[in-house]
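Peer 1: Under our numbering, think of the first position of the sequence shown as 38, with each following residue one higher.
Below you'll find the structure I mean.
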Amino acid sequence: MDGIILTPLKQIMAHKGDILHVMKRSDDGYDGFGETYFSTIHKGDIKGWKKHTQMILNIVVPVGKIEFVIYDEETKEFHTVVLSRDNYKRLTIKAGLWVAFRGIDENNMLLNIASIEHCPDESINKEIGYIKYEWK
């Protein structure tokens, strides 16, 4: 889907603790820095739908397993990806696409490196039934 980049990330396993790479300024998908935040989601819960009008998301899942669904209302296409330590990648989502996500494990946490600071007028939020998608 146009507007999405899925970047494999390096994990360095170490006896006393692992190192999980996330993003460098030289990476594809980097488009400036506004803020970073962690978000958690409980098993079986779904957050979404949200569409940013300016913000580019760069999402990594260092804890648990989260399914992301991205929807392009112009092409009517869906793109799904499950991120976790076993599928350790960075999901870059350009502005203008709808996104929702579901917690799969008991404890799930994502990190977002946002291109701009949060502004409540910059995004559109809709109830999960707004876009018809069958969660499996």
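A virtual CB, placed ideally from N, CA and C, is assigned to each residue, including glycine.
(1) Distance, Cα to Cα, Gly133 vs Ile161?
(2) Closest by CA to Asn144, which one among Trp135, Phe105 and His79?
(3) Excluding five sequence neighbours on each side, which residues of the same chain lie with their C-beta closer than 6 Å to the C-beta of Ala51?
(4) Name the DSSP beta bridge partners of Val59, please?
(5) Does DSSP put Tyr170 in a helix, in a strand, or in coil?
(6) Please look up how many angstroms separate the CB atoms of Trp86 and Trp135, rounded, as I've assumed it's under 8 Å.
(7) Using a 10 Å radius around the Cβ and a threshold of 16 neighbouring Cβ atoms, would you call Ile96 buried or exposed?
(8) Determine the closest residue to Lys84 out of Gln91, Thr90 and Ser76, with distance taken between C-alpha atoms.
(9) Thinking C-alpha only, which one of His155, Asn124 and Phe105 is nearest Asp82?
(10) Provide the residue span of the beta strand (DSSP E) that contains Asp109, from first to last.
(11) Please list, in chain order, all residues of the same chain as Thr90 whose beta carbon is under 8 Å from its beta carbon, the five residues on each side excluded.
Peer 2: Working from what's here:
(1) 10 Å
(2) The candidate whose alpha carbon is nearest that of Asn144 is His79.
(3) none
(4) BP columns for Val59 are empty, so no partner.
(5) coil
(6) 5 Å
(7) Its Cβ being crowded by 16 or more others within 10 Å, Ile96 is buried.
(8) Ser76
(9) Phe105
(10) Lys102 to Asp109
(11) Ala132, Gly133, Glu159, Ser160 and Ile161
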